[in-house]
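In this note's numbering, the protein residues as written are 13 to 444. Ideal placement from N, C-alpha and C gives every residue a C-beta, glycine not left out. Fair warning: this is a prediction, and the values are worked out from it, not measured in the lab. Quick notes on the structure that follows.
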């Protein structure tokens with residue numbers, strides 16, 4: 013009898029993943045198309061994100077609750093923004109008297125040939141916490157209560173602080189009215205860190221951003237080099253970029269994986285010095301290093317301060333979240349500049365620096381310590397790491413951008429990105 017049950021369990025372990033994969037994956041997405049991110053949607057997404065951030069930072073109301081509201085258009089703008097960071101991803105939400113319905117289609121990286129993962133959920137209005145009435149994953153209809161409990165457990169195991177229990181247990185009520193959803197959350201101000209801090213820290217742990225100690229060590233080394241005159245406070249920012257790579261190349265690492273981890277930390281420190289420390293800390297957490305006016309702030313790349321910031325911050329964000337997410341954030345930022353009143357407009361020269369910074373850290377991470385040392389030796393001038401920006405459209409208003417390129421998914425737009433990539437591929441650091 014034992015052998016029989018053992019064989020059944022073994023068969024389930026072997027066959028189960030294939031059955032689950034067949035049930036979860038489908039040949040086509042449930043959403044044939046998704047809303048394309050545009051300047052107007054970028055402004056809406058930013059407005060929603062700002063409202064959420066303000067709610068996080070504001071003290072709870074007298075009832076101890078934090079209230080967050082969003083229209084259907086804002087939710088869909090947020091989904092469209094996410095689709096630029098995680099590709100391929102399609103999604104939409106519907107807000108009505110029945111609650112909020114969310115539909116998402118995506119593909120697993122490097123396994124796109126297997127099909128699409130389609131997800132649908134219906135969240136009902138409720139005065140007593142989170143009430144999910146329907147969950148579908150591919151061909152499967154899942155029991156809502158059990159699925160939420162499983163999700164809570166997975167999140168709790170993935171990171172400290174029981175982020176799953178904090179996140180899901182904080183929802184006090186959800187209501188919908190006039191195409192708007194209003195969420196009431198327990199502010200969690202009594203004892204310990206505020207609820208939102210727990211959630212952010214938990215997700216950083218899940219994403220592998222468990223410590224910024226290595227980043228702070230590189231940051232301090234750069235600060236010391238700046239004070240001692242080894243790194244410039246004016247002129248070209250190239251010495252800062254070269255210093256970052258050389259410091260990692262000259263260090264001893266037990267494995268290539270250790271070298272790549274050290275390289276990520278070094279580029280995060282470079283982004284804090286030469287890009288935007290506040291923006292970076294919002295992603296990876298606060299650095300222990302004192303906040304100082306970095307000498308790098310007085311340097312330029314291709315004669316411009318903003319190009320230095322784009323290059324170094326995009327490289328740092330690629331170190332934190334990957335190349336796709338970093339470039340997606342750059343795209344959304346440019347769309348926002350084109351859509352908001354008084355914005356600087358959509359600029360492909362900025363995009364070129366975003367992609368050049370990302371390409372550099374990808375190149376540096378792709379080889380051995382000897383290859384990294386050889387890469388450092390190739391860097392002698394700015395044109396070795398940053399492409400020429402002549403002829404690239406810049407500071408386009410929303411109307412001009414849409415008239416010339418039609419959006420971020422059009423052939424004209426993709427052709428412009430391809431031209432930028434060709435310029436980057438021809439740089440010294442990317443040649444054999």
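Which whole-angstrom value describes the C-beta separation of residue i and residue j, a residue pair presumed to lie in contact below a C-beta threshold of 8 Å?
| i | j | result |
| --- | --- | --- |
| residue 228 | residue 273 | That belief does not hold up - the Cβ atoms of residue 228 and residue 273 are roughly 15 Å apart, past 8 Å. |
| residue 105 | residue 120 | So it is not a contact: roughly 22 Å between Cβ atoms. |
| residue 327 | residue 257 | So it is not a contact: roughly 11 Å between Cβ atoms. |
| residue 363 | residue 338 | Not quite, the Cβ-Cβ distance comes to about 12 Å (not below 8 Å), so this is no contact. |
| residue 149 | residue 70 | Contact flag wrong, Cβ pair sits at about 36 Å. |
| residue 159 | residue 111 | Not confirmed; about 17 Å, so no contact. |
| residue 224 | residue 287 | So it is not a contact: roughly 15 Å between Cβ atoms. |
| residue 81 | residue 194 | 5 Å |
| residue 89 | residue 191 | Their Cβ separation, rounded to whole angstroms, is 14 Å, which puts residue 89 and residue 191 out of contact at 8 Å. |
| residue 299 | residue 365 | Not confirmed; about 23 Å, so no contact. |
| residue 303 | residue 360 | With a Cβ gap of about 33 Å, residue 303 and residue 360 do not count as contacting. |
| residue 93 | residue 295 | Going by Cβ atoms, the distance from residue 93 to residue 295 rounds to 15 Å, so no, they are not a contact pair. |
Could you please give me the residues that DSSP links to residue i through a beta bridge?
| i | result |
| --- | --- |
| residue 198 | 77 |
| residue 185 | 196 |
| residue 108 | 111 |
| residue 97 | Bridge partners of residue 97: none, in fact. |
| residue 82 | 193 |
| residue 408 | 358 |
| residue 248 | 312 |
| residue 65 | In the DSSP output, where bridge partners are listed per residue, residue 65 has none listed. |
| residue 38 | 128 |
| residue 102 | 117 |
What residues in its chain sit with their C-beta under 7 Å from that of residue i, if we drop five residues either side in the sequence?
| i | result |
| --- | --- |
| residue 138 | 185 and 186 |
| residue 314 | 394, 398 and 401 |
| residue 375 | 387, 441 and 442 |
| residue 196 | 77, 79, 184 and 185 |
| residue 419 | 48, 50 and 425 |
| residue 372 | 327, 397 and 441 |
| residue 115 | 42, 43, 103, 104 and 132 |
| residue 377 | 272 and 275 |
| residue 85 | 56 |
| residue 433 | 367 |
| residue 24 | Bear in mind that the predicted position of residue 24 carries a pLDDT of just 47, short of 50, making it too unreliable to give a figure here. |
| residue 340 | 96 and 97 |
| residue 324 | 282, 283, 286, 287 and 369 |
| residue 164 | 176, 177 and 180 |
| residue 279 | 256, 327, 328, 331 and 373 |
| residue 358 | 346, 347, 349, 350, 408 and 413 |
| residue 40 | 128 |
Residues in its own chain within less than 6 Å of residue i by CB, not counting five upstream and five downstream?
| i | result |
| --- | --- |
| residue 352 | 55 |
| residue 277 | 226, 227 and 230 |
| residue 443 | none |
| residue 203 | At residue 203, the pLDDT of 37 sits below 50, so the modelled position is not reliable and the matter cannot be decided from this model. |
| residue 147 | 133, 154, 156 and 159 |
| residue 145 | 134 and 136 |
| residue 167 | 175 and 176 |
| residue 342 | 326 and 366 |
| residue 118 | 101 and 129 |
Can you find the residues in the same chain that come closer than 8 Å, C-beta to C-beta, to residue i, ignoring five residues on each side of it along the sequence?
| i | result |
| --- | --- |
| residue 243 | 234, 237, 251, 252, 255, 307 and 308 |
| residue 124 | 100 |
Hey, is residue i's beta-carbon within less than 7 Å of any beta-carbon in chain D?
| i | result |
| --- | --- |
| residue 129 | Among the chains of the structure shown, chain D does not appear; only one protein chain is present. |
* **Start-end ranges of the alpha helix (DSSP H) lying completely within the region 253-334, minimum 4 residues** => Within the region 253-334, the complete alpha helix (DSSP H) runs of at least 4 residues are 268-283, 289-296 and 317-333.
* Asked: Between the region 110-130 and the region 47-65, do three or more beta carbon pairs fall short of 8 Å?
  -> Segments in contact, no.
* Asked: Any contact of the region 159-178 with the region 54-65, i.e. 3+ C-beta pairs under 8 Å?
  -> No: fewer than three Cβ pairs fall under 8 Å.
* Fully enclosed by the region 341-404, which alpha helix (DSSP H) runs are 4 residues long or longer? -> As far as the region 341-404 is concerned, its whole alpha helix (DSSP H) runs of at least 4 residues are 360-377 and 381-390.
* To do: Note down, one range per segment and in chain order, each beta strand (DSSP E) of at least 3 residues found wholly within the region 118-180.
  => The DSSP assignment places 128-135, 144-149 and 152-154 as complete runs of the beta strand (DSSP E) inside the region 118-180, in order along the chain (cut-off: 3 residues).
* To do: Check whether the region 325-335 touches the region 392-412, counting contact only when three or more Cβ pairs, one atom from each stretch, lie closer than 8 Å.
  => Remark: fewer than three beta-carbon pairs, one from each stretch, lie closer than 8 Å, so the region 325-335 and the region 392-412 are not flagged as touching.
* **Cβ contact check for the region 343-359 and the region 245-262: 3 or more pairs under 8 Å** => With the cut-off at 8 Å, the region 343-359 and the region 245-262 do not touch.
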